[in-house]
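Working notes, structure below.
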Amino acid sequence: MENLKDQESDYNLKCLYKLGVWEIVMNKGNNDGILTENSVHKTEIYLRFLPEFMEDNEVNQMTTARDTVDLCQLHGYDLEEHFVRTPDGYLLCLQRVYKDQNSLSKLAYKPPVLFLHGLLMNSEIWVCNIRKEDSIPLALVDQGYDFWNFTLDSIAIFDIPSLVKYILSVNKSESVAFVGFSQGAIMAFAALSIDNELRKSVRAFIALSPAIFPKKYSSKTVNSIIHSNSQLLYLLFGTHSMLASTIFWQAVLYPPVFSKILDSCLRYFMNWNGKNISEEQKIVGYSHLYSFTSVKCFVHWSQIMKNKVLQMYDDSPGIKPSYYTNLNRIARYPIENIRLPIILIYGSDDNMVNIDALKSCLPPLSQCIQIPHYEHLDMLIGDKRKNLVINQVIEQLNHVASGDYYDSIKEEFGIASDVLDGFITSS
958 MENLKDQESD YNLKCLYKLG VWEIVMNKGN NDGILTENSV HKTEIYLRFL PEFMEDNEVN
1018 QMTTARDTVD LCQLHGYDLE EHFVRTPDGY LLCLQRVYKD QNSLSKLAYK PPVLFLHGLL
1078 MNSEIWVCNI RKEDSIPLAL VDQGYDFWNF TLDSIAIFDI PSLVKYILSV NKSESVAFVG
1138 FSQGAIMAFA ALSIDNELRK SVRAFIALSP AIFPKKYSSK TVNSIIHSNS QLLYLLFGTH
1198 SMLASTIFWQ AVLYPPVFSK ILDSCLRYFM NWNGKNISEE QKIVGYSHLY SFTSVKCFVH
1258 WSQIMKNKVL QMYDDSPGIK PSYYTNLNRI ARYPIENIRL PIILIYGSDD NMVNIDALKS
1318 CLPPLSQCIQ IPHYEHLDML IGDKRKNLVI NQVIEQLNHV ASGDYYDSIK EEFGIASDVL
1378 DGFITSS
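FYI, in the numbering used here the residues of the sequence shown are 958 to 1384.
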């Protein structure tokens, strides 16, 4: 790699890394100021920040991919975009992934699967894996499932039922399966708990790292923010888009630099060490991790976290965090009403998941699968996902689709048939 004095001065900004210190070099001339070529050429600073990863054509292509369409095409898959208008006036984009045109006619043999992403994410996070076999949706497409995804934030009352209704009208299937990650799992729990007609249309629900009732936050800063009054959160973050400046920094920073900064932030604020994610996968994954969401969505999520209740949004919270307002009790989502196969998959080192608290709210036949040493984001971009996560998802969906799910859990739990009365069957 050439040293700095041999580089052409046809760019405005370079981000260099040397001995753990970030350095910004302005190259438009001496008058621009911070540092110029003449002042640093003797130090022979090298552009050596993880160059081997960015020189990899596949990593570079995936890092610079514009959207979900590009990412799918890089893996050899096509994508249809469908638009659904909800009863409350929102226009949602559904993305249907398939192998080729000939495969579309075969997708009716297995039920469609709707994927719900987490907070501050979009659909890119499901398909940004360097190896296509590490992507849950692409693996399901190869298995013959009909994969659908939505890219805008939604609410339980209008959006998810509208999406399911549209998918079933196109696919001509009788039911759909849900796969939700983090806050996407929360939205699915909420929607299924209050809509009996929706429950009849859902064959199974797989919740990946369901971020409900975290045990604790390692960072005092995060803990203070989560437990702050809602009005203070609006004062801190505004009333529009959450952390919108992230897109700017992602655009101007060299991808490995952005990856390292984000990695450090996740380690400091969330205590996620990322040891199960390779450096090249971080560069690709972090480039597609963040998306816009409303501050109101974050405030609602913080209310759920601090009150430890899956509740509806509180428009007028008191000064102290409470499940009650000054006037009335905030309505909660009765997730104990959900009567369909629920499979919880989570990491043993995931501090965003309190599996015992969640299980206490769910029907007793819900199944839990723990992935050893996995953290929150490992479920999406971690190493060994094919064997640890994807195979589990495929096995559980096939199990439900085969019709013998309830027979197996009756045997496993040693229960009588009448205990299953009211559960939605897979037939």
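Even for Gly, the Cβ is constructed at its ideal location relative to N, Cα and C.
Cβ-Cβ separation between W1083 and P1068: approximately 18 Å, too far for a contact (criterion under 8 Å). Beyond the five residues adjoining it in sequence on each side, N1294 comes within less than 7 Å, by CB distance, of S1150 in the same chain, given in chain order. A residue is called buried once 16 or more other Cβ atoms fall within 10 Å of its Cβ, and E1037, having fewer, is exposed. In this structure the region 1319-1337 lies against the region 1345-1358, because at least three pairs of beta carbons, one per stretch, are closer than 8 Å.
In this structure, the straight-line span from the alpha carbon of P1213 to that of A1142 is close to 30 Å. Residue environment analysis places P1291 among the exposed positions, since fewer than 16 neighbouring C-beta atoms fall within 10 angstroms of its C-beta. Taking 9 Å as the cut-off, the Cβ atoms of N1228 and S1305 do not count as close. Short of 7 Å from the beta carbon of Q1140, and not among the five residues preceding or following it, lie these beta carbons of its own chain, in chain order: G1075, L1076, A1168 and W1258. Boundaries of the beta strand (DSSP E) around R1160: V1159 to L1165.
The residue among A1134, H1184 and T1250 with its C-alpha nearest the C-alpha of I1351 is A1134.
Assignment of Y1270 by DSSP, reduced to helix, strand and coil, places it in the coil class.
For E1236, the closest of T1203, A1201 and N1086 by C-alpha to C-alpha distance is N1086. Assignment of A1022 by DSSP, reduced to helix, strand and coil, places it in the coil class.
Proximity to L1097 across K1056, R1160 and I1117 peaks at K1056, based on C-alpha coordinates. The beta-bridge partner set that DSSP reports for G1137 consists of L1073 and A1164.
Per DSSP, reduced to three states, the secondary structure at Q1030 is helical.
In the three-state reduction of the DSSP assignment, H1039 falls in the strand class. Looking only at R1053, E1154 and R1088, the smallest Cα-Cα distance to S1080 is reached by R1053. By alpha-carbon distance to H1039, the top candidate from V1026, I1338 and D1152 is V1026. Non-local beta-carbon contacts of S1187 in its own chain, meaning distances under 8 Å to residues more than five positions away in sequence, involve V1256, S1259, Q1260, D1271 and P1274 in chain order.
DSSP, reduced to helix, strand and coil, places S1150 within a helical segment of the structure shown. When DSSP assignments are scanned along the region 1190-1219, no uninterrupted stretch of beta strand (DSSP E) that is 3 or more residues long falls wholly within it.
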